[in-house]
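Enquirer: One structure is given below, represented as structure tokens, and several questions about it will come after.
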Amino acid sequence: MGQTWPQRCAYLVIYCQDNGLLLHIHHTIHAIIDRQKNHGMHFHVLAKALCKLEGQCEMTLGFVDLLRDDYIEKDQSRGIFLTQDWVSIPGVLPVALGVFMFGILANCVTLKACVQAHNEGCDLAREGNEIICEACKWSPELVAACEVWKEIKFEFKSVDKLDVKG
Numbered sequence: 052m053g054q055t056w057p058q059r060c061a062y063l064v065i066y067c068q069d070n071g072l073l074l075h076i077h078h079t080i081h082a083i084i085d086r087q088k089n090h091g092m093h094f095h096v097l098a099k100a101l102c103k104l105e106g107q108c109e110m111t112l113g114f115v116d117l118l119r120d121d122y123i124e125k126d127q128s129r130g131i132f133l134t135q136d137w138v139s140i141p142g143v144l145p146v147a148l149g150v151f152m153f154g155i156l157a158n159c160v161t162l163k164a165c166v167q168a169h170n171e172g173c174d175l176a177r178e179g180n181e182i183i184c185e186a187c188k189w190s191p192e193l194v195a196a197c198e199v200w201k202e203i204k205f206e207f208k209s210v211d212k213l214d215v216k217g
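Written as structure tokens, this is what we have:
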């Protein structure tokens with residue numbers, strides 16, 4: 052029987068810590084979301100809950116209930132494979148993942164448009180905005196994503212510093 056995403060992630064975190072490796076958590080969009088002051092969502096919510104709010108109704112509702120607890124004991128009968136301490140973070144409001152769905156499709160459209168432009172010999176660094184604007188003509192999802200993310204800037208110093216002893 053396979054492991055759940057949080058289980059695999061927990062083992063991976065421990066492995067990376069033990070071996071001095073940096074863990075890039077792209078699945079939960081950590082590098083973007085938890086650094087943006089105007090996004091309004093904390094990485095703990097994404098890592099511990101949001102990625103679990105899908106699937107069977109009973110399971111989803113169970114995770115919504117877990118969001119209200121400060122400390123959750125391991126209970127495999129309920130599908131909780133790790134003891135979780137929320138470290139008294141403020142209450143959270145579970146949200147439907149659907150709000151991000153247009154971004155997922157928009158990402159695919161953008162990737163395809165950029166790959167096609169690259170294959171046609173375009174300079175993505177110089178022509179990137181024009182390529183995205185052109186792709187917006189046939190993708191309403193990309194238009195919506197561009198509108199939501201238009202204020203986001205990637206101008207920050209790295210906060211992911213390795214604790215390497217040596």
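Residue numbers for the sequence shown follow my numbering, beginning at 52 and rising by one. Ideal Cβ placement from N, Cα and C applies to all residues, glycine included. Since this is a predicted model, take the numbers as computed values, not measurements.
#1: Evaluate contact between the stretch 162-171 and the stretch 123-136, counting only Cβ atoms and requiring at least three cross-stretch pairs below 8 Å.
#2: Might you give, ordered along the chain, the residues of its own chain that have their beta carbon closer than 7 Å to the beta carbon of T161, omitting 5 neighbours on each side?
#3: Grouping DSSP H, G and I as helix and E and B as strand, with all else coil, what is D136?
#4: Considering only the alpha carbon of each residue, which of E171, K125, A157 lies closest to K188?
#5: Buried or exposed for A196, going by 16 or more other Cβ atoms inside 10 Å?
#6: According to DSSP, is D120 helix, strand or coil?
Expert: Inspection of the coordinates gives the following:
#1: no
#2: On the sequence shown, residue 161 is found 110 positions in, with the first residue counted as 1. So the list reads I183, A186, L193, once near-sequence residues are dropped.
#3: Within the sequence shown, the letter at position 85 stands for residue 136. D136: strand per DSSP, three-state reduction.
#4: Residue 188 sits at position 137 when you count from the first residue of the sequence shown. K188 has its Cα closest to that of A157, out of E171, K125, A157.
#5: As a first step, residue 196 is located in the sequence shown; it is residue number 145 there, counting from the start. Classification of A196: buried, given that the 10 Å Cβ count is 16 or more.
#6: Locating residue 120 in the sequence shown gives position 69, counting from the first residue. Three-state DSSP puts D120 in coil, outside helix and strand.
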